[in-house]
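Numbering (the working numbering), first residue to last: 136 to 1108.
Backbone N, C-alpha and C define an ideal beta-carbon position, used for all residues, glycine too.
Structure follows, in structure tokens:
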């Protein structure tokens, strides 16, 4: 806070009871969200005025327009940080908050005290400080802190206020300034060397690198194959009641040599180490052994039985909540935090941004009491369980995320007050909290080895394992979801084996040779990326949701199903950062920086000195840190002009059959393939939705077969123009090549050049039909496509021309402003005027009244609505529906690969947004006002376009309307 320290110190008050000041004193309580304000106002009584700031009220300038007039001449004004004057920050009230500041100042005139009741974390402390600095109150100021919105907690917080924590404010302000310095220094390098409008961030760049590195692993991966034999074994003696007589087993060794499994191979497809004791079984050997083991006797060579104990999971903290909601509920991290924010503000759960797994004594008591009532005393732990953990870069400790209050409301008690998503998340939090105070799950595990001899004399060993849960314990209340892609197994899964003893005789009822191939490491999903970032100590759990959203919004990462896929632009950006600013994307350096920022929060490090060392260089951090390398300014400023942009934007893939290197080039208009053949460059467009690891040599050759300049199909006999087929960003199409226009004289003005360009004829183009392939396209079919729209004839009654056209949503007829869909693409060329008039003579069918098309795919029942999910072809493309909600498929979703889980996720996201607002029908105008009505409509249309097209405006509007959902849910990095 530098020079502003005095103002904070002056506002500090010692802990005291609000009630000591007299019941007649009027107090203004400021929270972040209107929802929270409405909720806590009744708890405090008539002498308290509760108002919201709607999130942050001021920030560093977003651009030159935000800079106050008195600072516009300063060299540092646009940066917003005076780096030569103790890194003093220039904070400005954001335009959309000026009226809010005026309102709060007006309310201050009529009160005796100000309570700053923002969130109980670093950012909440910083918001309180910004309010203090902006409002400049002349009345006593107190900091009111609470972790749950219940009457008891709110009253207790009002009666026990504290002073503003200057160290926490310093820590948050340092992060904000650090992120500004990082972004404003590094991002321009990306603009110059990669592409305009890109951005770099202290945490977002590292998160992007994690995703890119995983894709690189997948691209380098070489699959290996290996074989074994699966068997079904049968006991010769009858088992006890309920005991299975058959069980599965798998061959693990031949003649004492262990058979290779997936974990024995490296990413290059070879065994990790030469080990004579490991044998890679080939298909022929597996088939031969399976045949040689038929009708042979087997016996149990060993039985090992051990007790099994599983302790309860710790209560949720921010990161584990996001991971579990992602796995179990299919929520994105952003969606999880948005719902959790609503539950907190409405008094259902405790504060949702926390690194702690501890529970208060009252919460432990409530959980134990409820577990006893629901499951019985035998299921409750003999003594209270407390979960402590050593968190890397732990933020100031809060309590774990749990149901609020001293008596927890069951999901059934709150069901009528919550929507579906809120209910599902609350239920999960409630179950996890109750389970944390229950007893261990107990059971037994059994490991069996089975010996046999093939007709060839080879001795083989089969293995089988089982688990039986004898006492469910906490599993009665909650079972954690598992990551199926990594081969996880649910904690409550049982696989019973019969009671077996050594030397017991067995027979094999089935023997099947099984072939396996190793798989590349799975791409990160949101839950697994959160887990990885937490493991590395990168960022804050409270910021993970915003980080993951940012790297998707910036175009660095996109989703294929639930998997996070890096774009080629991300490859170029991370390649540049690794080569020239390696420390800025180094995992250990980034985690170490979090430690240093925590030292500022603890008061062990001075903010200004730390920023100076980081920016200008100095003795800070470990060897090789940015400070010891001369500081961020020197690191970014030196050698930038020497960066080879072409090299940075070239990602080598592989060599073709002739030894030519195939690379992906990242251009200003998107990525494309390139190779040099006989001294000439050969290029091909890349489909937008192709994951990098799926770009094989075979596919590259197919793309090169249709180069960027197009495949020449022939010459139009009418126009004489050359016709080509091209692969575009939005699919294949045909077009004509027009002759180059005559050059203008060198003296031509910019206006003349623009006018000449506008007069130039545009080439005809036509998208290929779904039934067409670019490889088999011929001149005849191309000319048919270019002949569209085709004039079918004139309506004899109205005289309007009827045309057949191929549009974005399929083939259709058009007469004036009236359009009618056609059922097939062939009708574009075959439909007659008589047939068209018949279509127009029938009533126009819309929505549900139109002829229903059969579904493209059936996905099963939706887990929320319980209704069948199907994929249909709609006006705006394919979509999934359960009959209540429709969700359009994303560009990364293919109908063939769409799973039930992905369909449910799309519907859940649509359901969370709620129904679209109904448009009001425009008022009818008298005939004389026709022109005016048209103008009004045009004006409305322009305004609407502005609002949605301008990102800043749209965000502001959303914040104003729904502050609780956006303004406080997103934390800075």
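For the region 963–1039, the full-length alpha helix (DSSP H) segments reaching 4 residues or more read 968–976 along the chain. Closest by C-alpha distance to residue 431, out of 160, 646 and 670, is 646.
In this model, residue 241 and residue 745 are separated by some 39 Å (Cα to Cα). Separation of residue 599 and residue 794 (C-alpha to C-alpha, rounded to the nearest whole angstrom) is 49 Å.
Around the beta-carbon of residue 578, 16 or more other beta-carbon atoms lie within 10 Å, marking it buried.
Counting only residues of its own chain and dropping the five nearest sequence neighbours on each side, residue 491 has a CB closer than 7 Å to the CB of 452, 532, 533, 534 and 535. Between residue 586 and residue 434, the CB-CB gap stays under 7 Å.
Here DSSP, grouped into helix, strand and coil, assigns residue 177 to helix. Taking the Cβ atoms as the reference, residue 285 lies roughly 19 Å from residue 547, outside the contact range of under 8 Å. Using a Cβ distance threshold of 7 Å, residue 461 and residue 661 count as a contacting pair. The closest CA to that of residue 1042, considering only 393, 465 and 447, is found on 465. Note on geometry: alpha-carbon atoms of residue 541 and residue 565 lie some 13 Å from one another. As computed with DSSP, residue 817 is found in a beta bridge with 810.
For residue 369, same chain residues with a beta-carbon under 7 Å away, outside a window of 5 residues either side, are 380, 381, 641, 642 and 644 in chain order. In terms of Cβ geometry, residue 269 and residue 246 do not form a close pair [threshold 7 Å]. If you check the CB distance, residue 736 and residue 306 come in under 7 Å. Within its own chain, the residues whose Cβ lies closer than 6 Å to the Cβ of residue 252, once the five positions on either side in sequence are excluded, are 164, 166 and 279, listed in chain order. In the DSSP secondary-structure assignment, residue 833 is not bridged to any residue. Excluding its 5 nearest sequence neighbours in each direction, residue 755 has C-beta neighbours in its own chain below 6 Å: 748 and 762, listed in chain order. DSSP assignment within the region 910–948 yields the following whole alpha helix (DSSP H) runs of 4 residues or more, N-terminal first: 914–921.
In the three-state reduction of the DSSP assignment, residue 515 falls in the strand class, which pools E and B.
Among the bridge pairs identified by DSSP, residue 642 is matched with 369. Residue pairing from DSSP places residue 868 in a beta bridge opposite 861 and 902. Within the DSSP bridge table, the entry for residue 224 names 216 as partners. Less than 7 Å separates the beta-carbon of residue 250 from that of residue 277. Shortest Cα-Cα distance from residue 347 to any of 890, 699, 875 and 1013 involves 699. Where residue 659 is concerned, there is no enclosing beta strand (DSSP E), because DSSP gives it neither an H nor an E. For residue 698, the uninterrupted beta strand (DSSP E) segment begins and ends at 698–701.
As computed with DSSP, residue 428 is found in no beta bridge at all. Contact between residue 858 and residue 341 is absent: CB atoms are separated by about 49 Å, not below the 8 Å threshold.
For residue 312, the enclosing alpha helix (DSSP H) stretches over residues 301–328.
In this structure, residue 950 lies near residue 935, with their beta-carbon atoms less than 7 Å apart. Under the DSSP assignment, residue 240 falls in the alpha helix (DSSP H) whose first and last residues are 233–243. Looking at the backbone, the Cα of residue 310 and that of residue 304 are separated by about 10 Å.
The region 871–880 makes contact with the region 896–904, as at least three CB pairs between them are under 8 Å. In terms of Cβ geometry, residue 947 and residue 651 do not form a close pair [threshold 7 Å].
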